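Inspection log for the structure reproduced underneath, given as structure tokens.
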Amino acid sequence: MTTIPVDLTRPMVPPLDGQATIDARAVSAWFGERKVLDRVSLVMPAGTVTALIGPSGCGKSTFLRTLNRMHELIPGASLAGEVFLGDKDIYDPARKLTDARKQIGMVFQKPNPFPAMSIYDNVLAGLKLTGVKASRAERDDLVEQCLAKAGLWLEVRDRLRSPGGALSGGQQQRLCIARSLAVRPKVLLMDEPCSALDPTSTRRIEQTIGELAHEVTIVIVTHNMQQAARVSQQCAFFLAEQGTPGAIVEAGPTEKIFSAPVDPRTSDYVHGRF
Ligand code: ADP
Ligand code: MG
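Position 70 of the sequence shown, counting from 1, maps to 72 under the working numbering, and the rest follow consecutively.
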């Protein structure tokens, strides 16, 4: 395995440029014979937060999984279309799967730190997969930086050797964010990251999202319209009507989606009339 040293003169996450823009082009997805996403196209610009909204079952999670090549890991699943990260096609057969994955972090609804592993080791867990070699001092520094960015450092700096599972739900979710940041991703995908959390933890995560958005392109699935309005600059409204595959009804600046949507179905959904 090739190893690259951790370069601490480099910013923790690279400065954003066009290379962090995600451009999904006509993405369709199937589970077996059943088509669940129909030609979804969406540009998620570098340095912004895009919220994916819509009723359950309309394909939001599936779409998110096509953005980091997780969809193809599900037995029987297939897809069509293209996903570009900057100017690189993440489905280019010449590129290694881990190449794309390293650049795209993911956080799920249920916080999933390794419960028996220490907080310190949880942060570094992803790093091992990338083959990065680092000295003890470099690792210490990276752990501190990631935890600080995830808004957790001050709460855990005195107990880095405690197991991840001993933290509260909200802290565990921030630990998962810290873990995903350790590989210096360009993109962070979040699938209902606050659905299992109390309001205080939710606000804490939203604050973290706001701070990270300057450095990482964020795509978040949420059922909470206030949250979508608070954290995102762009919203995409998904819908799967009467057995049809999920598709984007309308996407645009968050303010417009909430105050002056073009499609009456968008208006009904964001105002809770669904
Ligand atoms: P959302 O996240 O918007 O609730 P999903 O992307 O999870 O929607 O699901 C879209 C559709 O795909 C749903 O009809 C769901 O039942 C189906 N689906 C999701 N995951 C699987 C799977 N692993 N196998 C088969 N069907 C699935
Ligand atoms: Mg989902």
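Ideal Cβ placement from N, Cα and C applies to all residues, glycine included.
These numbers come from a predicted model, not from an experiment.
Glutamate 252 - DSSP class collapsed to helix/strand/coil: Here residue 252 refers to the residue found at position 250 of the sequence shown. In this structure, glutamate 252 counts as strand in the three-state DSSP scheme.
Would leucine 156 be called buried (16 or more neighbouring beta carbons within 10 Å of its own) or exposed? Taking the first residue of the sequence shown as 1, we reach residue 156 at position 154. Burial call: exposed.
Give the straight-line distance between the Cα atoms of arginine 103 and valine 189, rounded to the nearest whole angstrom. For the purposes of this step, residue 103 is taken as residue 101 along the sequence shown, with counting starting at 1. For the purposes of this step, residue 189 is taken as residue 187 along the sequence shown, with counting starting at 1. Roughly 10 Å between the two C-alpha positions.
Neighbourhood of serine 1 by C-beta, 7 Å cutoff - its chain only, sequence neighbours within 5 removed: Nothing about residue 1 can be read from this structure; the chain reaches only from 3 to 276.
Is histidine 73 buried or exposed, if buried means 16 or more other CB atoms sit within 10 Å of its CB? In the sequence shown, counting from the first residue as 1, residue 73 sits at position 71. Its Cβ being crowded by 16 or more others within 10 Å, histidine 73 is buried.
If distances are taken between C-alpha atoms only, which option among Phe116, Gln21 and Leu162 comes closest to isoleucine 92? For the purposes of this step, residue 92 is taken as residue 90 along the sequence shown, with counting starting at 1. Nearest option by C-alpha distance: Gln21.
Where the alpha helix (DSSP H) through glutamine 278 begins and ends: It is not possible to answer for residue 278, since the shown part of the chain is limited to 3 through 276.
In terms of DSSP beta bridges, what is tryptophan 32 paired with? Within the sequence shown, residue 32 is the residue found at index 30, counting from 1. According to DSSP, tryptophan 32 bridges with Lys37 and Ser80.
Please report the straight-line C-alpha distance between lysine 151 and leucine 99, rounded to a whole angstrom. Reading the sequence shown from its first residue, position 149 is the one you call residue 151. Reading the sequence shown from its first residue, position 97 is the one you call residue 99. If I take the Cα positions, the gap works out to 27 Å.
Contacts around glutamate 208, its chain only, beta-carbon distance under 7 Å, and the 5 residues preceding and following it disregarded: The residue labelled residue 208 in the question sits at position 206 within the sequence shown. Contacts found: Gln229, Arg232 and Val233.
How many angstroms separate the CA atom of alanine 262 from the CA atom of threonine 256? Residue mapping note: residue 262 aligns to position 260 of the sequence shown, counting from 1. Residue mapping note: residue 256 aligns to position 254 of the sequence shown, counting from 1. So the two alpha carbons sit approximately 10 Å from each other.
Can you look up aspartate 265 in the DSSP assignment and give me helix, strand or coil? Looking up residue 265 in the sequence shown gives position 263. Reduced to three states, the DSSP call for aspartate 265 is coil.
Residue environment, alanine 48, which counts as buried when at least 16 other CB atoms sit within 10 Å: In the sequence shown, the residue the question calls residue 48 occupies position 46. Counting Cβ neighbours within 10 Å, alanine 48 comes out buried, since at least 16 surround it.
Taking the beta carbon of leucine 66 as the centre, do at least 16 other beta carbons fall within 10 Å, making it buried, or is it exposed? Against the sequence shown, residue 66 aligns to sequence position 64. With 16 or more Cβ atoms within 10 Å of its Cβ, leucine 66 is classed as buried.
Segment limits, beta strand (DSSP E) that includes methionine 192: Here the question's residue 192 lines up with position 190 in the sequence shown. Unbroken beta strand (DSSP E) run through methionine 192: 189 to 193.
Taking a contact to mean a Cβ-Cβ separation below 9 Å, would you say valine 185 touches valine 134 in this structure? Residue mapping note: residue 185 aligns to position 183 of the sequence shown, counting from 1. Residue mapping note: residue 134 aligns to position 132 of the sequence shown, counting from 1. Yes, Cβ-Cβ distance for valine 185 and valine 134 is below 9 Å.
Assign alanine 230 to one of three DSSP states: helix, strand, or coil. In the sequence shown, counting from the first residue as 1, residue 230 sits at position 228. Of the three classes helix, strand and coil, the one that applies to alanine 230 here is helix, per DSSP.
Proximity of threonine 68 and threonine 219 at Cβ, strictly below 9 Å: What you label residue 68 is simply residue 66 of the sequence shown in a count that begins at 1. What you label residue 219 is simply residue 217 of the sequence shown in a count that begins at 1. No.
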